[in-house]
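**Q** Sequence order for the protein chains is L and G.
The numbering of the first sequence is our numbering, which starts it at 53 and goes up by one.
The numbering of the second sequence is our numbering, which starts it at -9 and goes up by one.
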Amino acid sequence: MSGVLVIMEQRGGAWNRMSWETLAAGQQLAAQTGQTASTAVAGQGIGALAGELARKKLERVYAVDHALLGAYTADGYTAALEQLIRKASPSLVLFPHTYQVRDFAPKLATRFGQVLISDTIGFRVDGGAPVFARQLFQGKLNADVKPGGAGPYFASVQAGAFRADQLQDGSAQVENFTPDLSADEIRAKPLDPFRESARAVDLTAAEIIVSVGRGIKEKDNIPIVEELAKALGAELAASRPICDSGWLPMERQVGSSGQTVSPKVYLAVGISGAIQHLVGMKGAKTIVAINKDSNAPIFEVADYGIVGDLFEVVPALVEEVKKAKG
Amino acid sequence: MKIIVSIKQVPVRDSQLRIDASGHWIQENDLSFEINEPDAYALEEGLQLKEKHGGEVIALCLGPARASQTIREALAKGADRAIHIEEENLTSFDTLGIAKLLAKAAESEKPDLILTGLQSDDLGSGQTGVVMAEILGLPSATIIMAVETAGSGIRVKRELEDGWFQNVEMPLPAVLTIQSGINKLRYATLMGIKKAKTKEIKRLRPAELGVTAAPAAIIERVYLPQRTKQTQILEGSAKEAAAKLVEKLKFEVRVI
Ligand SMILES: Cc1cc2nc3c(=O)[nH]c(=O)nc-3n(C[C@H](O)[C@H](O)[C@H](O)COP(=O)(O)OP(=O)(O)OC[C@H]3O[C@@H](n4cnc5c(N)ncnc54)[C@H](O)[C@@H]3O)c2cc1C
Chain L
53 MSGVLVIMEQ RGGAWNRMSW ETLAAGQQLA AQTGQTASTA VAGQGIGALA
103 GELARKKLER VYAVDHALLG AYTADGYTAA LEQLIRKASP SLVLFPHTYQ
153 VRDFAPKLAT RFGQVLISDT IGFRVDGGAP VFARQLFQGK LNADVKPGGA
203 GPYFASVQAG AFRADQLQDG SAQVENFTPD LSADEIRAKP LDPFRESARA
253 VDLTAAEIIV SVGRGIKEKD NIPIVEELAK ALGAELAASR PICDSGWLPM
303 ERQVGSSGQT VSPKVYLAVG ISGAIQHLVG MKGAKTIVAI NKDSNAPIFE
353 VADYGIVGDL FEVVPALVEE VKKAKG
Chain G
-9 MKIIVSIKQV PVRDSQLRID ASGHWIQEND LSFEINEPDA YALEEGLQLK
41 EKHGGEVIAL CLGPARASQT IREALAKGAD RAIHIEEENL TSFDTLGIAK
91 LLAKAAESEK PDLILTGLQS DDLGSGQTGV VMAEILGLPS ATIIMAVETA
141 GSGIRVKREL EDGWFQNVEM PLPAVLTIQS GINKLRYATL MGIKKAKTKE
191 IKRLRPAELG VTAAPAAIIE RVYLPQRTKQ TQILEGSAKE AAAKLVEKLK
241 FEVRVI
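In structure tokens, the structure reads:
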């Protein structure tokens, strides 16, 4: 059992970008543990994708190709990758922590009597073996988690934890792997992906965004941040719980399930800064956080912070903005 | 439809967390606890499915004695009965051990559907439901935003990234992990709270289920995240801090 195997993700021939970050993590982990890195991509008719991977510094590229892998199913992917892992016998299998990986990787790890160490943000090497860092309590604390047992180990990598531009080019040998799959072992029938409705609000065009989180406490308080957005000439956005509760429409949600924005200024008001929110806004040029908890993870990405009660700070801010604008 | 909803008790949101003396977990003695948020949505979904299709909702909870408060609340909201696997030292189990315990307890009930929240607010591993399904040999689907019956099976709406969704049809029995916001949570009524006192809670111990802790992944250390970014904190009263921020927005960021 040796080598790091990175499982890439594609849909309809397009890569999930997090895969490249994970591949970079895999190369680094392999280098630091004195192993080689290989990768695998699963699907139907994925020759071109495998060819792209063959230009990276890797030992091997496994093209896991099968008609039953054309549309993603947990059963199909788990069965195919189980067979590949038994054959390739890596010591560690890495995945990008995508929604799809959440859907099947825990199942796959279970087949090996292992646990997926999920959503990791880094690693260190201890006695030749990796120890992974991951977040607890939505980013308020971190933990180091050490895989145990006979292996192979399984871990998934958080968005943004590694940089795709650190990926090393090179060349790798492509190996076709045809798993043994039958239609009757795939129990779920996936239908075509869809979007709920055309987005009436395009937050991506906004220069300034005032975004509100659960710190606002109730629907009746929303006008407090609306005032601020108006004063600044900003678009109003929100974290997920605000949209879940129907306090603002779904189309104003920022984050992994909502929109990804990169305005000049993003003002996060009463938002804790969970990773699923951060991925949607950390590309903003300037981030301002207003939060009563000085330990809130949002301050990790903020350029300017006000630690205080939003119900005092926001009205004061409205006053000052109006004054400055004259 | 016989539905098992697996629920977990976690520290209330916005708790001030302190690392315990061992450095392996947090100090729990001064915290308050509540149902894990996605689990509350899973429970609500179970109750709504029962109201539509008849059947029974069983709340299943693995946790220390304090978790009985959360179980009572689930019963007060309308769960018919509960199973409490009592274990004080949860950190000695990893996700696989926890899923084995829950699966063992669920198995003998022969449910049509098992629901859990998609992840816990404390550990956030996001896999208990999927691993339970694998142990029980059942199909599963995750991050679910709608559940309806379709023939002898169900059709569920999976959330994908960037505002995309996908419907998936699957046979029963099945395991689903539920996303927050799938429905509107109810409050327990006074009547519900009264009734809950008479409802059955079956208590089990891990040893009775034949599962021992043999973790494949161990938390070595818990610590405060290191800040890498230098946030400029604007100090002073609300008015002072606001004035400073406007200065920055005007002269440095240049958006005012
Ligand atoms: C698969 C998946 C997808 C998700 N997708 C998204 C997504 O697209 N977008 C998204 O946002 N989330 C998403 N989430 C949810 C995410 O994990 C967090 O739960 C969510 O972002 C938290 O929202 P919040 O910060 O508003 O609330 P909380 O985490 O509850 O934070 C509230 C904050 O307000 C502060 N506060 C409270 N009172 C005050 C006050 N008076 N003054 C100042 N500050 C105050 C608190 O200190 C706290 O930091 C997703 C989760 C999952 C599992």
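For each residue, glycine too, the CB sits at the ideal point set by N, CA and C.
Which chain L residues are close to G:PHE301, counting only those with a beta carbon under 9 Å from its beta carbon?
**A** Since the first and last residues shown for chain G are -9 and 246, residue 301 of chain G lies out of range.
**Q** Do you know offhand how far L:ARG176's Cα is from G:SER110's?
**A** To locate residue 176 of chain L, count along the first sequence from 1; it is residue 124. To locate residue 110 of chain G, count along the second sequence from 1; it is residue 120. So the two alpha carbons sit approximately 25 Å from each other.
**Q** Does any C-beta atom of chain G lie closer than 9 Å to the C-beta of L:SER263?
**A** For the purposes of this step, residue 263 of chain L is taken as the residue at position 211 of the first sequence. No, L:SER263 lies away from the interface with chain G (no Cβ there is under 9 Å from its Cβ).
**Q** Going by beta-carbon coordinates alone, are L:ALA94 and L:LEU144 separated by less than 9 Å?
**A** Here residue 94 of chain L corresponds to residue number 42 of the first sequence, with the count starting at 1. Here residue 144 of chain L corresponds to residue number 92 of the first sequence, with the count starting at 1. In this structure, L:LEU144 does not lie closer than 9 Å to L:ALA94 by Cβ.
**Q** Given a cut-off of 9 Å on the beta-carbon distance, is the pair G:LEU235 and L:ILE358 in contact?
**A** Along the second sequence, one-based indexing puts residue 235 of chain G at 245. Along the first sequence, one-based indexing puts residue 358 of chain L at 306. Yes.
**Q** Is L:GLU73 helix, strand or coil when you go by DSSP?
**A** Mapped onto the first sequence, residue 73 of chain L falls at position 21. L:GLU73 falls in the helix class under three-state DSSP.
**Q** Say whether chain L places a C-beta atom closer than 9 Å to the C-beta of G:LEU86.
**A** Taking the second sequence and counting its residues from 1, one reaches residue 86 of chain G at position 96. Chain L, which has a Cβ nearer than 9 Å to the Cβ of G:LEU86, makes this yes.
**Q** Got a sec, what are the start and stop residues for the alpha helix (DSSP H) G:HIS74 sits in?
**A** Looking up residue 74 of chain G in the second sequence gives position 84. G:HIS74 -> not in any alpha helix (DSSP H); beta strand (DSSP E) instead, spanning 71 to 76.
**Q** For G:GLU149, is the beta carbon positioned less than 8 Å from some heavy atom of ligand 1?
**A** Start at 1 with the first residue of the second sequence, and residue 149 of chain G comes out as number 159. Flag set: Cβ of G:GLU149 near ligand 1.
**Q** Using the DSSP secondary-structure output, state which residues sit across from G:GLY107 in a beta bridge.
**A** In the second sequence, the residue the question calls residue 107 of chain G occupies position 117. Per DSSP, G:ILE168.
**Q** Give a yes or no on contact between the region 165 to 180 of chain G and the region 39 to 52 of chain G, applying the rule of three or more CB pairs nearer than 8 Å.
**A** no
**Q** Can you confirm whether G:GLY116, when its beta carbon is compared against all beta carbons of chain L, has any partner nearer than 9 Å?
**A** Residue numbering aside, residue 116 of chain G sits at position 126 when the second sequence is read from its first letter. It does; some Cβ of chain L falls within 9 Å.
**Q** Using a threshold of 9 Å, state whether the C-beta atoms of L:LEU193 and G:ILE16 are closer than that.
**A** The sequence position of residue 193 of chain L within the first sequence is 141, counting from 1. The sequence position of residue 16 of chain G within the second sequence is 26, counting from 1. Their beta carbons are under 9 Å apart, which means L:LEU193 touches G:ILE16 by this criterion.
**Q** Measuring only the C-alpha atoms, how far is G:ARG71 from G:ILE125?
**A** Here residue 71 of chain G refers to the residue found at position 81 of the second sequence. Here residue 125 of chain G refers to the residue found at position 135 of the second sequence. Cα to Cα, the separation comes out at about 24 Å.
**Q** Hey, is L:PRO199's beta-carbon within less than 9 Å of any beta-carbon in chain G?
**A** As a position in the first sequence, residue 199 of chain L is number 147, starting the count at 1. Yes, because at least one Cβ of chain G sits closer than 9 Å to the Cβ of L:PRO199.
**Q** Go through its chain and collect everything with a Cβ distance to L:LYS337's Cβ below 6 Å, but skip five positions before and after it.
**A** Within the first sequence, residue 337 of chain L is the residue found at index 285, counting from 1. Only LYS316 meet the Cβ criterion.
**Q** Please find out if some non-hydrogen atom of ligand 1 comes closer than 8 Å to the beta-carbon of L:SER309.
**A** One-based indexing of the first sequence puts residue 309 of chain L at position 257. Under cutoff, so the answer is yes.
**Q** According to DSSP, simplified to helix, strand and coil, what is L:ALA207?
**A** Against the first sequence, residue 207 of chain L aligns to sequence position 155. In this structure, L:ALA207 counts as strand in the three-state DSSP scheme.
**Q** Helix or strand or just coil, what does DSSP make of L:PHE156?
**A** What you label residue 156 of chain L is simply residue 104 of the first sequence in a count that begins at 1. Here L:PHE156 sits in helix by DSSP.
**Q** Can you name the residues of chain G whose CB is closer than 7 Å to the CB of L:ARG239?
**A** Against the first sequence, residue 239 of chain L aligns to sequence position 187. Under the 7 Å cutoff, chain G gives PRO129, MET160, PRO161.
**Q** Check whether chain G comes within 9 Å of L:GLU371, counting only Cβ atoms and requiring the distance to be less than that.
**A** Residue 371 of chain L sits at position 319 when you count from the first residue of the first sequence. By this cut-off, L:GLU371 is an interface position.
**Q** Could you tell me whether the Cβ atoms of G:GLN59 and G:ALA89 are closer together than 9 Å?
**A** The residue given as residue 59 of chain G occupies position 69 in the second sequence. The residue given as residue 89 of chain G occupies position 99 in the second sequence. Not a contact, by the Cβ cut-off of 9 Å.
**Q** Is there a Cβ of chain G sitting closer than 9 Å to that of L:GLN79, yes or no?
**A** The count along the first sequence starts at 1 and reaches residue 79 of chain L at position 27. For L:GLN79, no Cβ of chain G is located within less than 9 Å of the residue's own Cβ.
**Q** Taking the straight line between their C-alpha atoms, what separation do you get for L:ASP196 and L:THR74?
**A** Locating residue 196 of chain L in the first sequence gives position 144, counting from the first residue. Locating residue 74 of chain L in the first sequence gives position 22, counting from the first residue. Answer to the nearest angstrom: the Cα atoms are 19 Å apart.
**Q** What does L:VAL353 touch in chain G if you count any residue whose Cβ is under 7 Å from its own?
**A** Here residue 353 of chain L refers to the residue found at position 301 when the first sequence is read from its first residue. The contacting residues are LYS219.
**Q** Does the distance from the CB of L:GLY212 to the CB of L:VAL331 come in under 9 Å?
**A** Position 160 of the first sequence, counted from the first residue, corresponds to residue 212 of chain L. Position 279 of the first sequence, counted from the first residue, corresponds to residue 331 of chain L. Yes, these two residues count as a Cβ contact at 9 Å.
**Q** Taking the runs of the beta strand (DSSP E) that are 3 residues or longer, which of them lie wholly in the region 172 to 217 of chain G?
**A** Runs of beta strand (DSSP E) with 3 or more residues, each lying fully within the region 172 to 217 of chain G, are found at 191 to 194, 207 to 213, listed in chain order.
**Q** Between which residues of its own chain and L:LYS198 is the CB-CB distance below 6 Å, once the five residues before and five after are set aside?
**A** Taking the first sequence and counting its residues from 1, the one referred to as residue 198 of chain L is at position 146. Here the set comprises VAL183.
**Q** Once DSSP output is grouped into helix, strand and coil, what is the label at L:SER234?
**A** One-based indexing of the first sequence puts residue 234 of chain L at position 182. In the structure shown, L:SER234 falls within a coil segment according to DSSP collapsed to helix, strand and coil.
**Q** Can you give me the Cβ contacts of G:LYS148 inside the same chain, cut-off strictly under 8 Å, excluding the 5 residues immediately before and after it?
**A** Indexing the second sequence from 1 puts residue 148 of chain G at position 158. First, the amino acid is wrong: residue 148 of chain G is Arg here, not Lys. Cβ within range, chain order: ALA131, THR132, ILE133, ILE134, MET135, PHE155, GLN156, ASN157, VAL158.
**Q** Following a CB-centred definition, is L:PHE363 positioned closer than 8 Å to any heavy atom of ligand 3?
**A** The ligand content of the structure shown is limited to ligand 1, which means ligand 3 is not among them.
**Q** Give the DSSP bridge partners of G:ARG244, in chain order.
**A** Working through the second sequence from its first residue, we reach residue 244 of chain G at position 254. Looking at the DSSP assignment, G:ARG244 forms no beta bridge with any residue, so it has no partner.
**Q** On the three-state DSSP scale, how would you describe L:GLN225?
**A** Translated into the one-based positions of the first sequence, residue 225 of chain L becomes position 173. Correct three-state label for L:GLN225: strand.
**Q** Can you name the residues that DSSP bridges to L:TYR318?
**A** For the purposes of this step, residue 318 of chain L is identified with residue 266 of the first sequence, where counting begins at 1. Per DSSP, L:ILE261, L:ILE339.
**Q** Should G:VAL137 be flagged as near chain L, meaning a C-beta pair shorter than 9 Å?
**A** Within the second sequence, residue 137 of chain G is the residue found at index 147, counting from 1. No - not a single Cβ of chain L is within 9 Å of the one on G:VAL137.
**Q** Does at least one heavy atom of ligand 1 sit under 8 Å from the Cβ of G:GLN220?
**A** Counted from its first residue, the second sequence places residue 220 of chain G at position 230. It does not: the Cβ of G:GLN220 is nowhere closer than 8 Å to a heavy atom of ligand 1.
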